Amino acid sequence: MRAEKDMSDLRVPGGDVPAGAPAHIPVMLDRVLELLAPALDRPEPVLVDANLGLGGHAEALLAAHPSLHLIGIDRDPTAIERSAARLAPYADRTTLVRAVSDRLPEVLAEAGRPRIDGALFDLGVSSPQLDEAERGFAYSYDAPLDMRMDRDEELTAEIVVNTYPVGELIRILRDYGEERFAPRVAHLIAKERGKEAITSTKRLAEIVRTAIPAATRRTGGNPAKRTFQALRIEVNAELTALERALPAALDALTLGGRAVVLAYHSLEDRMTKQVFTARTRDTGPPGLPVPLPAHQPRFAHVTRGAELPGEEEVARNPRAASARCRAVERIREAVDEE
8 MRAEKDMSDL RVPGGDVPAG APAHIPVMLD RVLELLAPAL DRPEPVLVDA
58 NLGLGGHAEA LLAAHPSLHL IGIDRDPTAI ERSAARLAPY ADRTTLVRAV
108 SDRLPEVLAE AGRPRIDGAL FDLGVSSPQL DEAERGFAYS YDAPLDMRMD
158 RDEELTAEIV VNTYPVGELI RILRDYGEER FAPRVAHLIA KERGKEAITS
208 TKRLAEIVRT AIPAATRRTG GNPAKRTFQA LRIEVNAELT ALERALPAAL
258 DALTLGGRAV VLAYHSLEDR MTKQVFTART RDTGPPGLPV PLPAHQPRFA
308 HVTRGAELPG EEEVARNPRA ASARCRAVER IREAVDEE
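Under my numbering, the first residue of the sequence shown carries the number 8, and numbering increases by one thereafter.
Dropping the structure here:
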């Protein structure tokens, strides 16, 4: 989640963008710099920023580490364009690539940097999407139902809402939005689209609001946020990308290298926790007198569970409240690399 004067890089689960958004302060910036510093304090380190956005964290990392080479990945051409301008003073130390993060191994290979010393995943939707109302990410704007991070892709939220079977809509709302009233919302969507195609964020938000029981609507913010989150994740295959990209980043880390993940909803954080737990666990049979080298963990936790932003940061930037930060460090190379 990053925020700028023009509402740049605000990351929120559903896309609620109130007026007077705060000036740009990358979320948990000081902690991210602190966590990555030991891995980057070496000659000519390489770091991948797998969700570049407007490059707020990238800029700070490049400034803090004068020999760092940063590879920035983002699927959104607007994000690449804006971050390139922001990082222009460091152009000789940056490689910016328009791609989905799950292409990370190919990006590294093409950049001639198969091993990296650091990886940063700042997940979610960023302001190159949110601050352009016509892109349809935010339910606070009336806009076409789009939600594509990469507008060259064909699948839009409008297609999902108007063509997916009710059962699929229920699955998406339940699994990606954690919407406990998923059947009610899906059935009302199907009923309303039968009258007229649902093409705007405003109409969809109104349909969702109608489907949610009145008592529930009184708490927890805009009732449409979970539906919008679910549709955005489906349209952009976000969890699929993370599922592939995060293990690939860990595989590429050098000894002592670190990966830091900032997640903004429980699905992302849960997946991150599962990947990190699998890599930090001894997989050998229990009860052995001597650990088997092939089964010893290759990584160790740097954070204890998920760290949260401090009260001061949340007061300064309320959108940081949902951030969850986890980090691991490679402590051992794979056996076939030793």
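Even glycine gets a Cβ: it sits at the ideal position worked out from N, Cα and C.
Quick caveat, the model's predicted, so the values are computed rather than measured.
I166, enclosing alpha helix (DSSP H) - first and last residue: Residue 166 sits at position 159 when you count from the first residue of the sequence shown. Here the alpha helix (DSSP H) through I166 covers 164–170.
Rounded separation between F128 and V268 - CA only: Position 121 of the sequence shown, counted from the start, is the residue given in the question as residue 128. Position 261 of the sequence shown, counted from the start, is the residue given in the question as residue 268. When rounded, the distance between both Cα atoms is 5 angstroms.
Stretch pair the region 327–343 + the region 259–275: three plus CB contacts closer than 8 angstroms: For the pair of segments examined, the region 327–343 was found to touch the region 259–275: the number of CB pairs separated by less than 8 angstroms reaches three.
Between the CA atoms of A57 and P304 - distance to the nearest angstrom: The residue labelled residue 304 in the question sits at position 297 within the sequence shown. The residue labelled residue 57 in the question sits at position 50 within the sequence shown. Straight-line measurement puts the Cα of A57 at about 24 angstroms from the Cα of P304.
CB of T217 within 8 angstroms of CB of L238, strictly: Reading the sequence shown from its first residue, position 210 is the one you call residue 217. Reading the sequence shown from its first residue, position 231 is the one you call residue 238. In this structure, the beta-carbon distance from T217 to L238 does not fall below 8 angstroms.
For V107 and D149, the rounded distance between their alpha carbons: Taking the sequence shown and counting its residues from 1, the one referred to as residue 149 is at position 142. Taking the sequence shown and counting its residues from 1, the one referred to as residue 107 is at position 100. So the two alpha carbons sit approximately 28 angstroms from each other.
Span of the beta strand (DSSP E) around I78: The residue you call residue 78 lines up with position 71 of the sequence shown. Annotation: the continuous beta strand (DSSP E) that includes I78 extends over 76–81.
Residue closest to L54, alpha-carbon to alpha-carbon, out of I87, L75, P316, L249: By one-based count along the sequence shown, residue 54 stands at place 47. Here the closest residue by C-alpha is L75.
Closest Cα partner of L111 within the set E250, T279, L299: Taking the sequence shown and counting its residues from 1, one reaches residue 111 at position 104. Nearest option by C-alpha distance: E250.
Neighbour-count burial assignment, A30, 16 or more Cβ in a 10 Å radius: For this step, residue 30 is matched to residue 23 along the sequence shown. Low confidence applies to A30: its pLDDT is 45, below 50, so where it sits in the model is not reliable enough to give any reading.
Span of the alpha helix (DSSP H), counted from its first residue to its last, around E88: Start at 1 with the first residue of the sequence shown, and residue 88 comes out as number 81. Run containing E88: 84–93, per the alpha helix (DSSP H) assignment.
Residue range of the alpha helix (DSSP H) that includes I336: If you number the sequence shown from 1, residue 336 lands on position 329. First, the amino acid is wrong: residue 336 is Glu here, not Ile. That residue, E336, is in no alpha helix (DSSP H); its beta strand (DSSP E) goes 331–337.
Span separating the alpha-carbon of E185 from that of Q236: Counting from one through the sequence shown, the residue named residue 185 turns up at place 178. Counting from one through the sequence shown, the residue named residue 236 turns up at place 229. Distance between the alpha carbons of E185 and Q236: 9 angstroms.
G119 in three-state terms, based on DSSP: Counting from one through the sequence shown, the residue named residue 119 turns up at place 112. If DSSP states are grouped into helix, strand and coil, G119 belongs with coil.
Exposure label - S273; buried when at least 16 CB within 10 Å: Taking the first residue of the sequence shown as position 1, residue 273 is located at position 266. Exposed is the call here.
Any 3 or more C-beta pairs closer than 8 angstroms across the region 194–212 and the region 170–186: Cβ pair count under 8 angstroms is three or more, so yes.
Cβ-Cβ separation, R105 to R89 (assumed contact under 8 angstroms), whole Å: Along the sequence shown, one-based indexing puts residue 89 at 82. Along the sequence shown, one-based indexing puts residue 105 at 98. The C-beta distance from R89 to R105 rounds to 12 angstroms, too long to fall under 8 angstroms, and the pair is not in contact.
DSSP beta-bridge partners of R105: Looking up residue 105 in the sequence shown gives position 98. According to DSSP, R105 bridges with D81.
Cβ neighbours of V282 in the same chain (closer than 7 angstroms, five flanking residues each side left out): Looking up residue 282 in the sequence shown gives position 275. Around V282: L253, P254.
Supposed contact pair L68 and L61 - C-beta distance, whole angstroms, cut 8 angstroms: Start at 1 with the first residue of the sequence shown, and residue 61 comes out as number 54. Start at 1 with the first residue of the sequence shown, and residue 68 comes out as number 61. Going by Cβ atoms, the distance from L61 to L68 rounds to 14 angstroms, so no, they are not a contact pair.
Top-ranked residue by Cα proximity to R191, from D157, D276, I214, T247: Residue 191 sits at position 184 when you count from the first residue of the sequence shown. The shortest CA-to-CA distance from R191 to any of D157, D276, I214, T247 is the one to I214.
Reduced DSSP category for M8 - H, G, I as helix; E, B as strand; rest coil: Translated into positions along the sequence shown, residue 8 becomes position 1. Summary for M8: the model assigns pLDDT 37, below 50, so the residue's position carries little reliability, and this model does not support an answer.
L321: first and last residue of the uninterrupted beta strand (DSSP E) it sits in: Counting from one through the sequence shown, the residue named residue 321 turns up at place 314. For the sequence presented, residue 321 should be read as Val rather than Leu. Careful: V321 lies outside any beta strand (DSSP E), inside the alpha helix (DSSP H) at 318–323.
Stretch-stretch touch, CB-based, cutoff 8 angstroms, three pairs: the region 154–168 with the region 91–103: Taking 8 angstroms as the limit for Cβ pairs, the verdict is that the region 91–103 does not touch the region 154–168.
Other residues of its chain near R120: CB distance less than 6 angstroms, five sequence neighbours each side excluded: Reading the sequence shown from its first residue, position 113 is the one you call residue 120. Cβ neighbours of R120 within its own chain (closer than 6 angstroms, five residues either side excluded): V53.
Pick from S329, I205, R337 that is closest to M35, judged by C-alpha positions: Residue mapping note: residue 35 aligns to position 28 of the sequence shown, counting from 1. Check the Cα spacing between M35 and each of S329, I205, R337: the tightest is with S329.
Selected residue, minimal CA-CA separation from G339, among D289, V321, N324, R323: Your numbering for residue 339 matches position 332 in the sequence shown. In the sequence under discussion, the amino acid at residue 339 is Arg, which differs from the Gly named in the question. It is D289.
Contacting residues, own chain, Cβ-Cβ under 7 angstroms from V242 (five flanking each side not counted): Here residue 242 is taken as the residue at index 235 of the sequence shown, counted from 1. If we look at V242 and ignore the five residues flanking it on each side, its Cβ neighbours are M154, R155, L162, T163, A164, V167.
From T284, E41, A118, residue whose alpha carbon lies closest to that of R100: Residue numbering aside, residue 100 sits at position 93 when the sequence shown is read from its first letter. That would be A118, whose Cα lies nearest to the Cα of R100.
DSSP three-state assignment for E113, whether helix, strand or coil: Stepping through the sequence shown from its first residue, residue 113 is reached at position 106. Reduced to three states, the DSSP call for E113 is helix.
Beta-bridge partners of H194, as assigned by DSSP: Here residue 194 is taken as the residue at index 187 of the sequence shown, counted from 1. Among the bridge pairs identified by DSSP, H194 is matched with none.
Assigned secondary structure, E53 (DSSP; H/G/I helix, E/B strand, else coil): The sequence position of residue 53 within the sequence shown is 46, counting from 1. In the sequence under discussion, the amino acid at residue 53 is Val, which differs from the Glu named in the question. Three-state result, V53: strand.
Complete runs of the alpha helix (DSSP H) confined to the region 197–275 [at least 4 residues]: Counting only runs of 4 or more, we get 208–218, 221–224, 232–243, 245–259.
Status (buried if at least 16 other CB within 10 Å, exposed otherwise) for T234: Residue mapping note: residue 234 aligns to position 227 of the sequence shown, counting from 1. With 16 or more other Cβ atoms from the protein chains shown falling within 10 Å of its own Cβ, T234 counts as buried.
Outcome for R187 when other beta-carbon atoms lying within 10 angstroms are tallied against a minimum of 16: Within the sequence shown, numbered from 1, the residue matching residue 187 stands at position 180. In summary, R187 is exposed, with fewer than 16 beta-carbon neighbours lying within 10 Å of its beta-carbon over all protein chains present.
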